[in-house]
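Engineer:
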Amino acid sequence: MKGYKILSIIIALWTFNLQYAQDAGAQQELSLDQGSIDSQFEFIYKKSGNYRAEGKRYEVVRVINLDKLRKNVIDSINAANAKKSELNATIATHEATISSLNKKLEDTTSNLNSVTAEKDSMSFLGIQVSKGTYNGILWTIIAGLLALLLLFIYKFRRSNILTQIAKSNLSELETEYEDHRRRALEREQRISRQLQDEINKYKKMK
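According to mature numbering (1 follows the signal peptide of the UniProt record, and there is no 0), the stretch in the sequence shown is residues -21 to -1, 1 to 185, in order.
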C-alpha cells in the first residue's frame, strides 16, 4: 500500500514536470521581440494577471509590455504601409511600363498599317491610291487614248476618202473644163474662119 502511494506521487510529479516543461516551452516561444502580432497579444494575455471585482473579471497588464506591444503594432502598421507604398510604386511602374508598351504596340501597329497601305497602294499625281483604283485609272486612260487613236484613224481615213473624192471631182471638172475650152476654141476658130470667108466673099463681090 505504501509502495503504491509512492508510485502515485512519482507519477504525479512526472506529469507536473512535463506540463511545466510544455508551458515553459510555450512561454519561450511567445515573446514581444519576435513573432506575429497575434502571438504577442497571446504573450500579453499569458503574462497578465487577473482579478474579479463586482462579478467582473479584469486582466492586469504591465505598462512596459503594453507600450512594447503598442510600438510593435505601430511598427507593423508602418511596415505594412511602407510595403503597400512599395507595392503601389511597383504597380505604378508596371502600369507605366504597360502603358509604354501599349503605346509602342499602337505605334508599331500604325506603322504596319501604313506599310501595308503603301504596299497595297500606288502614287498617282502625288496621291496615294489603292492598286485597284490605280489599275482602274490606268486602264481608263489607256482605253481613252485607244478611243482617241481609233477616232483619229477614222477621221484620217474619212478625210483621206473625202480628199480622194475631191481630187477625183476636181480631175473630172478639169477634164470637163478642158473639153469645154477646147470646144469653145474650136467654135471660135470655126466662127473666125466663117467670118473670114464671108469677108473674102464680100471683097470678091465688090
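Glycine is no exception: its CB is placed at the ideal position from the N, C-alpha and C atoms.
Computed from a predicted model, the values in this text were never measured in an experiment.
1. Is DSSP giving S10 helix, strand or coil here?
2. Is the segment 8 to 23 touching the segment 48 to 55, taking contact as three or more C-beta pairs under 8 Å?
3. Answer with buried or exposed for L11, where buried requires no fewer than 16 other C-beta atoms within 10 angstroms of its C-beta.
4. May I ask which residues mark the beginning and end of the alpha helix (DSSP H) holding L169?
5. For Y181, count neighbouring C-beta atoms within 10 Å of its own C-beta (all shown protein chains included) and say buried if the count is 16 or more, exposed if not.
6. For N29, which residues of its own chain have a beta-carbon under 7 Å away from its beta-carbon, when the five flanking residues on both sides are left out?
7. How would you label F22, buried or exposed, when you count the other beta carbons within 10 angstroms and need 16 or more for buried?
8. Helix, strand or coil for residue 187? Go by DSSP, reduced to three states.
9. Are the beta-carbon atoms belonging to K25 and L9 less than 8 Å from one another?
10. Determine the direct distance from the alpha carbon of K47 to that of G4, and round the result to whole angstroms.
11. Do you know how far the Cα of S27 is from the Cα of I43?
12. Span of the alpha helix (DSSP H) holding E21?
13. Could you compute how far the alpha carbon of L96 sits from the alpha carbon of N90?
Structural biologist: Judging by the given coordinates:
1. coil
2. yes
3. buried
4. The sequence given here places Arg at residue 169; Leu does not occur at that position. First-last of the alpha helix (DSSP H) with R169: 110 to 184.
5. exposed
6. R36, Y37, E38, V39
7. buried
8. Any answer about residue 187 is impossible in this case: the structure gives the chain only from -21 up to 185.
9. yes
10. Caution applies to G4, whose pLDDT of 46 falls short of 50 and renders its modelled position unreliable; the value that the coordinates give is listed next. Rounded to whole angstroms, G4 to K47 spans 22 Å at the Cα level.
11. 12 Å
12. 16 to 26
13. What sits at residue 96 in the sequence shown is Ala, not Leu. Straight-line Cα distance between these residues: approximately 10 Å.
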